[in-house]
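Asker: I'd like to ask you about the structure that follows.
Numbering (this note's numbering), first residue to last: 409 to 485.
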């Protein structure tokens, strides 16, 4: 299960961005973003990159923990 939506929400809250602002910048409604934030909509790469740009972060921030976990697992093997 993807946790990208959780990281997006965490970063959005930390940066003080609103759900409505992100939705509008992505060309969608606040209801769309509400579904995104609950993990009900799976984002494609273009939307993930767009949201990263809106939040002014590198897209890898949304995947950082998974990448670290994978690297740690590989080192243990």
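Virtual Cβ for every residue (Gly too), placed ideally from N, Cα, C. The structure presented is a predicted model; accordingly, all values stated were derived computationally and were not measured.
Pick out whichever of 467, 424 and 437 has its Cα sitting closest to the Cα of residue 453.
Answerer: Here the question's residue 453 lines up with position 45 in the chain shown. When each option's Cα is compared against that of residue 453, the closest is 467.
Asker: Looking only at its chain, what residues have a beta carbon closer than 6 Å to the beta carbon of residue 458, apart from the 5 residues adjacent to it on each side?
Answerer: Here the question's residue 458 lines up with position 50 in the chain shown. Excluding residues within five positions, the ones whose Cβ falls inside 6 Å are 434.
Asker: Would you say residue 470 and residue 423 are within 8 Å of each other, going by their C-beta atoms?
Answerer: Taking the first residue of the chain shown as 1, we reach residue 470 at position 62. Taking the first residue of the chain shown as 1, we reach residue 423 at position 15. Contact: no.
Asker: Looking only at its own chain, which residues have a Cβ that is under 8 Å from the Cβ of residue 437, when we skip the five neighbours before and after it?
Answerer: Locating residue 437 in the chain shown gives position 29, counting from the first residue. Cβ within range, chain order: 431.
Asker: Return yes when the Cβ of residue 417 is within less than 8 Å of the Cβ of residue 445, no when it is not.
Answerer: Numbered from 1 along the chain shown, position 37 holds the residue referred to as residue 445. Numbered from 1 along the chain shown, position 9 holds the residue referred to as residue 417. A contact, by the Cβ cut-off of 8 Å.
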